[in-house]
Amino acid sequence: MTNAYRQAQDKDSNKDSDTLLLLYSVAFQGRVYLPVPAAEAIINGPQSLTINNNNDHEGSLRSASPKVHKFSVFEELLLSFSVQANVKVICDNKVGGDTISTVHGLRVISMAWVILGHTCITTFKYSDNMEYRKVVEKKFLFQTITNGAFSVDTFFFMGGLLVSFLYFRTNAKGDLNKLTQGTRGIVAGGLKFIGLLMYRFCRLTAPYMFVLGVVQVTMKWFHSNSVFEPPTADHYNCPNYWWRNFLYINTLFPVDQMCMIWSWYVADDTQFYVIGAVILVLATNHFKIATFLMTTLLLSSWLTTGYIALINNHMPSSDDPLALFDKIYDKPWTRLGPYFIGMSVGYFLFKTDCKIKMSKTTICVGWLLSSACLLSLLYGLYEAELSPIMAAAYSSLSHSLWALALSWIVVACSTGYGGYVNSILSAPILYPISRITYCAYLLHPLIIRLTAMNLDSPFHLGKYTMMITFLGVLVLSYVLSFIISVSFEAPIVTMLKILSPKKRKCIQ
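Note that the working numbering has the sequence shown beginning at 165, numbered continuously upward.
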């Protein structure tokens with residue numbers, strides 16, 4: 165698009181300037197990030213048509229050409245809040261060439277899994293037949309709920325995958341040079357790091373802080389008016405400790421001081437992003453050093469997690485999965501493995517350009533090993549008794565093994581060996597749902613709490629009650645998340661694209 169723009173500038177003085185101007189308008193239309201119709205975004209309707217009478221001495225009129233309207237920065241920023249445009253962006257059934265489409269399906273499945281687990285945890289707390297929980301937890305398939313922590317590992321894995329893959333592709337195209345403005349060495353690396361960090365902060369914070377404010381107000385109201393006590397002290401913690409959420413450091417403090425306890429994932433993922441950004445910037449010119457740093461941190465995470473599990477006698481097969489929430493579950497140094505594995509896979513796909521030749525034997529073995537690993541992690545500990553050493557090893561390595569099994573799925577699907585699995589995970593119908601997953605994650609625990617705390621009597625647990633509650637929360641979470649995404653997330657993303665150095669150079 166930039167080449168078309170430059171050609172239009174260089175030849176502006178030629179006799180065929182009207183034709184070139186029309187070509188330029190087409191090129192510029194492609195640079196507008198809001199999917200506004202051409203008649204509205206570039207051409208001001210029939211009134212903008214002009215007649216060129218420069219050749220009246222020849223007795224003929226030149227064909228009419230449209231007048232091109234260049235948006236100012238302020239106008240483009242205003243258009244970022246267009247509801248119609250943002251809805252079209254979210255509901256678009258296409259993805260860019262630099263996107264790994266498989267992650268959309270993994271994201272939707274994982275989000276449904278997260279909502280299922282949180283629905284069970286909350287309804288169990290507000291039920292009148294707690295003995296039913298003991299019966300249900302002994303069933304084989306309930307391990308899907310007990311081991312729901314792996315759904316979060318899927319998100320960590322995808323986060324590292326996309327950050328690494330998109331960074332190396334963007335850097336290879338030279339687009340990151342717009343941030344460095346000709347600088348080199350430490351200064352250039354610092355500018356890249358700041359650019360990555362600022363984009364992340366602006367991208368996440370607006371919907372995050374909005375939902376945090378809603379949580380604070382609603383939980384304070386329910387604390388005074390509901391027949392039940394809120395499950396956590398958000399009515400107290402949010403007014404006092406909201407700044408920890410704003411800085412994404414709330415997992416570095418005790419869990420009993422945490423506002424929006426489910427926001428631990430957002431904090432950890434952001435902290436991983438900061439570490440990953442340092443490694444990626446370093447890898448641009450010092451790949452071996454970056455590899456050594458990442459390997460060291462990964463090994464340290466495994467050893468630290470195993471040690472904490474061992475000294476606390478943590479037994480993954482029987483303990484409540486949240487039993488060591490403040491020591492293992494939410495701490496970044498114990499959950500780092502899947503993110504780094506995702507970063508490694510992202511680099512691998514970049515280097516191979518998603519083109520790998522594999523034999524049928526390799527494909528079959530890969531799918532068998534991946535499936536066996538995933539199923540073993542989910543259901544392999546059913547009624548199993550582990551020794552303290554084996555339990556510590558499982559706590560330390562299981563999350564990374566889950567990410568390794570997912571690595572095969574992503575690699576196979578991205579290189580043409582996914583078959584029906586890729587068709588399902590990359591189905592265009594999932595793209596809109598995937599795009600609002602972040603807001604759905606922020607919002608769904610609040611929906612669950614509102615459902616429970618508006619009751620005047622406890623839940624009576626049963627499989628149909630749980631099923632109906634889960635489906636209701638799932639649908640309502642995504643409906644409201646769509647509204648929040650259109651109002652906050654999509655406008656911010658569009659404005660960041662407008663203000664990016666690459667964009668500014670194209671329209672100056």
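From the three backbone atoms N, C-alpha and C, an ideal C-beta is built for every residue, glycine too.
Taking every protein chain shown into account, the CB of Leu607 has 16 or more other CB atoms within 10 angstroms, so this residue is buried. DSSP, reduced to helix, strand and coil, places Phe374 within a helical segment of the structure shown. CA-to-CA, the gap between Gly260 and Phe238 works out to about 26 Å. Straight across, the Cα-Cα distance linking Leu542 with Ser562 is about 10 Å. Proximity to Leu533 across Trp572, Pro395 and Thr286 peaks at Trp572, based on C-alpha coordinates.
With 16 or more other Cβ atoms inside 10 Å of its own Cβ, Asp494 counts as buried. Shown here, Phe623 sits in a strand according to DSSP, grouped into three states.
Separation of Asn586 and Ile520 (C-alpha to C-alpha, rounded to the nearest whole angstrom) is 16 Å.
By alpha-carbon distance to Phe456, the top candidate from Leu474, Ser508 and Ser649 is Ser508.
Note: Ser291 is bridge-paired with Phe623 in the DSSP secondary-structure output. Positions of the alpha helix (DSSP H) runs, each at least 4 residues long and wholly inside the segment 398-436, are given as 398-410 in order along the chain.
Between Thr308 and Lys661, the alpha-carbon positions lie close to 40 Å from each other.
Two segments are said to touch when three or more pairs of C-beta atoms, one from each, lie closer than 8 Å; by this definition the segment 587-599 does not touch the segment 367-379.
Rounded to the nearest angstrom, the Cβ distance from Phe436 to Phe320 is 7 Å, consistent with a contact under 8 Å. When C-beta atoms of the segment 403-422 are compared with those of the segment 471-481, fewer than three pairs fall below 8 Å, so the two segments do not count as touching. In the three-state scheme derived from DSSP, where H, G and I count as helix and E and B as strand, Tyr558 is classed as helix. In the structure shown, the three-state DSSP call for Phe504 is helix. A direct Cα-to-Cα measurement between Phe489 and Ser523 gives close to 44 Å.
Leu614 and Val379 have their C-alpha atoms spaced approximately 10 Å apart. CA-CA distance, Cys518 to Leu444, rounds to 19 Å. Comparing C-alpha distances from Thr526 to each of Ala576, Trp566, Cys366 and Met362 shows the shortest one belongs to Ala576. Judged by beta-carbon spacing, Gly269 lies within the 8 Å limit of Leu594, meaning their Cβ atoms are closer than that value. The criterion of a C-beta distance shorter than 8 Å is satisfied by Gly470 and Ala556.
Short of 6 Å from the beta carbon of Ser560, and not among the five residues preceding or following it, lie these beta carbons of its own chain, in chain order: Trp466, Thr469 and Gly470. Assigned with DSSP and collapsed to three states, Ser590 falls in coil, not helix or strand. Segment contact: the segment 291-299 against the segment 620-635, three or more CB-CB distances shorter than 8 Å; contact assigned. At the C-beta level, Leu513 and Ala441 stay beyond 8 Å of one another. The Cβ atoms of Thr286 and Ile611 lie no closer than 8 Å to each other. Scanning its chain for C-beta atoms nearer than 7 Å, with the 5 sequence neighbours on each side dropped, one finds around Ile588 the residues Gly269, in chain order. In this structure, Gly510 and Leu368 do not form a Cβ contact; the two beta carbons are roughly 20 Å apart against a cut-off of 8 Å. Secondary structure at Gly636: helix, using DSSP grouped into helix, strand and coil. In the DSSP annotation of this structure, the continuous segment of the alpha helix (DSSP H) that includes Ala336 starts and ends at Ala313 to Ala336. A distance below 6 Å between beta-carbons, with the five flanking residues on each side excluded, links Trp428 to the following residues of its chain, in chain order: Thr415 and Asp494. Two segments are said to touch when three or more pairs of C-beta atoms, one from each, lie closer than 8 Å; by this definition the segment 628-644 does not touch the segment 395-405. Note on Met424: 16 or more other CB atoms within 10 angstroms of its CB, so buried under the neighbour-count rule. When only Cα atoms are considered, Met458 and Ser578 end up about 24 Å apart.
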